[in-house]
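First up is the structure itself, then whatever we jot down about it.
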């Protein structure tokens, strides 16, 4: 039997019952499209998280309040904002030799208004060194100065999303006055977009002098974080240890496990989150793989039914000289063609679903050629694995018994 004859026979056999063939293919389509879409979403989430962490700044350490001492068994381990003070930030600047830059941070959410437009956004009280540490670039205007911090100036730098929400897309807000929690602030700058979404989107934020935030908004001298930039990549661990030792001493804590602060390492955070998203991607892929397995079982079921229906045909072919290998190959090719067609349609559908998810702005799904080629390979493998038994059963039929079959 030539290759051409093989495919002609396959087309004839599959087209003889289009509805059954279509429903069988549908199972593979659902399985492959699920794998493509879910793995794409998982990979996109991983890339997005990694990119967002990297955009926070290079060689970054962040000191945040931890579980306060004597918090009792109900403590959630995150503490409160009163465990860190501006004096802690000043001490880190002075006494941590591996710290290149330090900025205290006081972040709260407030309602901001301008001529009838309003938005609820994060307001970050910070210091002039903040852009260097957190990789914030200025698109227009300028950032907070030391003089403005010393004089409690009511000035603000805003992110592009905040600008668009309050002033209109692409508007020039420099020099205009907005109200944050009913306190007037003059806009002096707009940051370059980093991209992002969600609760802590850096594009949707106000940046004001930390002294101003403490006096006019928070009414408290406490801070929510200390951002530290290590001198270089090799200094991160040393700086982390120096900060920990310093703050334990300042807070009079002898047992490090009772520390009322946490020092977060950017590299550790990125590694941990990447591990979580990778696990999530594998889990999503496994869930989608179950539907692919069900599709494979559907292929086997159809092929077994086909073998039963074509028993007399098989017997006739064997009686006139067809070899068992030819019969086996015929049914195996039919199974592979079904899964291959289902795989091709599933890849296109999965790619479309991934693009649809991206268009909603939830996450940028990432469909790679590796996953596409893998899906093609998996669909062919499913055809071989689940088509092998029906093909073997067909090849094993005896001509006499097959011809007697009613």
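Numbering (our numbering), first residue to last: 112 to 517. Backbone N, C-alpha and C fix where the C-beta goes; we use that ideal spot for every residue, glycine too.
Going by other Cβ atoms of all chains shown within 10 Å of its Cβ, with 16 needed for buried, is residue i buried or exposed?
i, result
"residue 408", "exposed"
"residue 429", "buried"
"residue 198", "exposed"
"residue 170", "buried"
"residue 181", "Confidence in residue 181 is poor, its pLDDT being 46 and thus under 50, which makes the residue's placement unreliable; the coordinate value appears in the next sentence. Answer is exposed; the Cβ neighbour count stays below 16."
"residue 436", "exposed"
"residue 421", "buried"
"residue 490", "buried"
"residue 254", "buried"
"residue 298", "buried"
"residue 330", "exposed"
"residue 432", "exposed"
"residue 122", "exposed"
"residue 511", "exposed"
"residue 134", "exposed"
"residue 114", "exposed"
Indicate the three-state DSSP secondary structure (helix, strand or coil) for residue i in the structure shown.
i, result
"residue 303", "coil"
"residue 177", "coil"
"residue 330", "coil"
"residue 290", "strand"
"residue 252", "strand"
"residue 320", "strand"
"residue 139", "helix"
"residue 118", "helix"
"residue 298", "strand"
"residue 243", "helix"
"residue 504", "helix"
"residue 223", "strand"
"residue 215", "strand"
"residue 195", "coil"
Do the CB positions of residue i and residue j come within less than 8 Å of each other?
i, j, result
"residue 233", "residue 220", "yes"
"residue 143", "residue 461", "yes"
"residue 447", "residue 494", "yes"
"residue 406", "residue 141", "yes"
"residue 267", "residue 317", "yes"
"residue 207", "residue 380", "no"
"residue 139", "residue 417", "no"
"residue 195", "residue 372", "yes"
"residue 338", "residue 303", "no"
"residue 301", "residue 252", "yes"
"residue 273", "residue 230", "yes"
"residue 269", "residue 328", "no"
"residue 455", "residue 465", "no"
"residue 321", "residue 260", "yes"
"residue 314", "residue 305", "yes"
"residue 218", "residue 335", "yes"
"residue 445", "residue 127", "no"
"residue 136", "residue 452", "yes"
Spatial neighbours of residue i within its chain, please: CB distance less than 7 Å, with the 5 preceding and 5 following residues excluded, ordered by chain position.
i, result
"residue 352", "none"
"residue 323", "236, 263, 264 and 265"
"residue 376", "172, 347 and 351"
"residue 388", "153, 156, 157 and 160"
"residue 209", "341, 342, 346, 349, 350 and 353"
"residue 243", "212 and 340"
"residue 500", "411"
"residue 222", "229, 231 and 292"
Mind checking which residues open and close the alpha helix (DSSP H) that includes residue i?
i, result
"residue 209", "Neither: residue 209 is in no alpha helix (DSSP H) and is coded neither H nor E."
"residue 356", "347 to 361"
"residue 437", "435 to 470"
"residue 364", "That residue, residue 364, is in no alpha helix (DSSP H); it is neither H nor E in DSSP."
"residue 259", "257 to 261"
"residue 422", "422 to 430"
Does the distance between the C-beta of residue i and the nearest non-hydrogen atom of the ligand SAH fall short of 7 Å?
i, result
"residue 303", "No copy of the ligand SAH occurs in the structure displayed, which carries no ligand at all."
Could you tell me the boundaries of the beta strand (DSSP E) in which residue i lies?
i, result
"residue 266", "266 to 269"
"residue 228", "228 to 237"
"residue 374", "372 to 376"
"residue 340", "336 to 341"
Does chain C have any CB closer than 8 Å to the CB of residue i?
i, result
"residue 377", "In the structure shown, chain C does not exist; there is a single protein chain."
Please work out which residues of its chain come closer than 6 Å, Cβ to Cβ, to residue i, disregarding the five sequence neighbours upstream and downstream, and give them in chain order.
i, result
"residue 443", "498 and 502"
"residue 225", "277 and 289"
"residue 149", "395 and 399"
"residue 402", "141, 142 and 145"
"residue 504", "418"
Can you name, in chain order, every residue of its own chain whose Cβ lies under 8 Å from the Cβ of residue i, other than the five neighbours on each side?
i, result
"residue 458", "143, 144, 147, 483, 486 and 487"
"residue 359", "365, 367 and 370"
"residue 474", "152, 155, 156, 159 and 468"
"residue 386", "none"
"residue 285", "251, 252, 298, 299, 300 and 301"
"residue 271", "250, 301, 302, 303, 304 and 314"
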